[in-house]
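J.: Heads up: the sequence shown begins at 1 in the UniProt record's numbering, then just goes up one per residue.
Here it is, the structure, as structure tokens.
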Amino acid sequence: MPPVDDERGFFAEQPPKAGALKKRAAIGDVVETPETHYHGHRDRLRSRFRDSGDTALADYEILELLLFRLIPRRDTKPIAKALIARFGTLAGVIGANPALLQEVKGVGENVALDLKLVASVAQRMLKSEIRGKQVLSSWSSVIDYCHTAMAYESTEQFRILFLDKRNALIADEVQGRGTVDHTPVYPREVVKRALELSATAIILVHNHPSGDPTPSRADIDMTKMIVDTAKPLGITVHDHIIIGRDGHASLRGLRLI
Numbered sequence: 001m002p003p004v005d006d007e008r009g010f011f012a013e014q015p016p017k018a019g020a021l022k023k024r025a026a027i028g029d030v031v032e033t034p035e036t037h038y039h040g041h042r043d044r045l046r047s048r049f050r051d052s053g054d055t056a057l058a059d060y061e062i063l064e065l066l067l068f069r070l071i072p073r074r075d076t077k078p079i080a081k082a083l084i085a086r087f088g089t090l091a092g093v094i095g096a097n098p099a100l101l102q103e104v105k106g107v108g109e110n111v112a113l114d115l116k117l118v119a120s121v122a123q124r125m126l127k128s129e130i131r132g133k134q135v136l137s138s139w140s141s142v143i144d145y146c147h148t149a150m151a152y153e154s155t156e157q158f159r160i161l162f163l164d165k166r167n168a169l170i171a172d173e174v175q176g177r178g179t180v181d182h183t184p185v186y187p188r189e190v191v192k193r194a195l196e197l198s199a200t201a202i203i204l205v206h207n208h209p210s211g212d213p214t215p216s217r218a219d220i221d222m223t224k225m226i227v228d229t230a231k232p233l234g235i236t237v238h239d240h241i242i243i244g245r246d247g248h249a250s251l252r253g254l255r256l257i
């Protein structure tokens, strides 16, 4: 067999083997083969989604529907279940690192990248909900966006939301990436970028890959340094949000700033 680039080539139609074709029984009935079986399953799952929406389907079945498109000629139910088992939830699968996705049998580079494309679409949709709006009055949308963008990152990421005088979003930028438990942050660089964008307020956001959003002493001290550096220049730090897989922490809400 010639080499293949990814699982979509591997799972492409191969010449039929003896016994894999539809056979006619002595009385003339058609015997269903494994191939026709999973095609029937796909039709039934699509019908359930069409008639009842996503609430009628489990997470692995929603993932199956997506994988039908990405891996057109194989039973994707075992792959979907393996992905959910590995990453815990549908959100965990979509947010997972492509290299980790490829550790699951049946998932190659192109399918992993397609799943990341889905994650990017979700992020863009949520970001559109806060762009140009008064962020402080759309707080739940801000949290949803930050969680989708950062909760499943395998290393720390430090993000800043820059706001204008109406507290509308000017820019959303990742200022630094670090290790599993540390990202270097320089208060002067944060303030310098805010001045370049003519921002009058900022929201700091970073993730904890451990999953626990509880702020560390280093998180608190760093936030206070940025607040102290920004305040004399007329820049307000509204909050510092820490994102974990299962929730978030607000330093403002905890009265730590």
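Beta carbons are placed, not taken as given, at the ideal position from N, Cα and C, and that holds for glycine.
1. From residue 266 to L101, what does the alpha carbon distance come to, in whole angstroms?
2. Using the three-state DSSP reduction, which class does R24 fall into: helix, strand or coil?
3. Cβ of H206 within 8 Å of Cβ of T179?
4. Extract the residue ranges of the alpha helix (DSSP H) inside the UniProt domain "MPN" (135–257), only unbroken runs of 4 or more that lie entirely within it.
5. Would you mind giving the Cβ-Cβ distance between R86 and V104, rounded to the nearest angstrom? I have them listed as a contact below 8 Å.
6. Look up R73 in the DSSP assignment and give the residues it is bridged to.
7. Nearest-angstrom Cα distance between L67 and T76?
8. Among S47, Y186 and A151, which residue has its Cα nearest to the Cα of G247?
9. If you pair each beta-carbon of the region 163–176 with each one of the region 222–231, do three or more pairs fall below 8 Å?
10. Is the Cβ-Cβ distance between D219 and G244 less than 8 Å?
11. Note the first and the last residue of the continuous alpha helix (DSSP H) segment covering V111.
12. Cα separation between D54 and I143?
13. Pairing CB atoms from the region 146–166 with CB atoms from the region 185–198, are three or more of them under 8 Å?
14. Taking the alpha-carbon positions, what's the P215 to G40 distance?
15. Taking the C-alpha atoms as reference points, what is the distance between L57 and F49?
16. Distance, Cα to Cα, D43 vs L65?
17. For K127 and P232, what's the separation of their Cα atoms in angstroms?
18. For the alpha helix (DSSP H) that contains L101, what are its first and last residues?
19. Kindly say whether A119, judged by its beta-carbon, lies nearer than 8 Å to any beta-carbon of chain C.
20. Using CA coordinates, which residue listed in S154, Y145 and V121 is at the minimum distance from C99?
21. Report buried or exposed for S47, applying the criterion of at least 16 other Cβ atoms within 10 angstroms of its Cβ.
T.: Taking the structure as given:
1. The structure shown does not extend to residue 266, since the chain spans only 1 to 257, so no value can be given for it.
2. Stepping through the sequence shown from its first residue, residue 24 is reached at position 24. Because R24 carries a pLDDT of 38, less than 50, the predicted location of this residue cannot be relied on, and no value is offered for it.
3. Translated into positions along the sequence shown, residue 206 becomes position 206. Translated into positions along the sequence shown, residue 179 becomes position 179. Taking a C-beta distance under 8 Å as the contact criterion, H206 and T179 do not qualify as a contact pair.
4. 139–150, 187–196 and 217–230
5. Taking the first residue of the sequence shown as 1, we reach residue 86 at position 86. Taking the first residue of the sequence shown as 1, we reach residue 104 at position 104. For a cut-off of 8 Å, the C-beta gap from R86 to V104 is around 6 Å, short enough to register as a contact.
6. Counting from one through the sequence shown, the residue named residue 73 turns up at place 73. Paired residues: none, contrary to the question.
7. Numbered from 1 along the sequence shown, position 67 holds the residue referred to as residue 67. Numbered from 1 along the sequence shown, position 76 holds the residue referred to as residue 76. So the two alpha carbons sit approximately 6 Å from each other.
8. In the sequence shown, counting from the first residue as 1, residue 247 sits at position 247. Checking every option, the nearest Cα to that of G247 belongs to A151.
9. no
10. Here residue 219 is taken as the residue at index 219 of the sequence shown, counted from 1. Here residue 244 is taken as the residue at index 244 of the sequence shown, counted from 1. Cβ atoms of D219 and G244: not closer than 8 Å.
11. On the sequence shown, residue 111 is found 111 positions in, with the first residue counted as 1. E109 to S128 is the span of the alpha helix (DSSP H), which, as asked, contains V111.
12. Here residue 54 corresponds to residue number 54 of the sequence shown, with the count starting at 1. Here residue 143 corresponds to residue number 143 of the sequence shown, with the count starting at 1. Distance between the alpha carbons of D54 and I143: 23 Å.
13. Verdict: yes, contact present.
14. The residue given as residue 215 occupies position 215 in the sequence shown. The residue given as residue 40 occupies position 40 in the sequence shown. Rounded to whole angstroms, P215 to G40 spans 50 Å at the Cα level.
15. By one-based count along the sequence shown, residue 57 stands at place 57. By one-based count along the sequence shown, residue 49 stands at place 49. Distance between the alpha carbons of L57 and F49: 7 Å.
16. Residue mapping note: residue 43 aligns to position 43 of the sequence shown, counting from 1. Residue mapping note: residue 65 aligns to position 65 of the sequence shown, counting from 1. Each residue's Cα considered, the two are about 10 Å apart.
17. Numbered from 1 along the sequence shown, position 127 holds the residue referred to as residue 127. Numbered from 1 along the sequence shown, position 232 holds the residue referred to as residue 232. The alpha-carbon atoms of K127 and P232 are separated by roughly 30 Å.
18. Here residue 101 refers to the residue found at position 101 when the sequence shown is read from its first residue. Start and end: P98 to L101.
19. The structure shown contains no chain C; it is built from a single protein chain.
20. As a first step, residue 99 must be located in the sequence shown, where it is residue number 99. The sequence shown places Ala at residue 99, not Cys. Residue S154 is the option with its Cα nearest to A99.
21. Sequence index remark: in the sequence shown, residue 47 carries index 47 (1-based). The C-beta of S47 has fewer than 16 other C-beta atoms within 10 Å across all chains shown, which makes the residue exposed.
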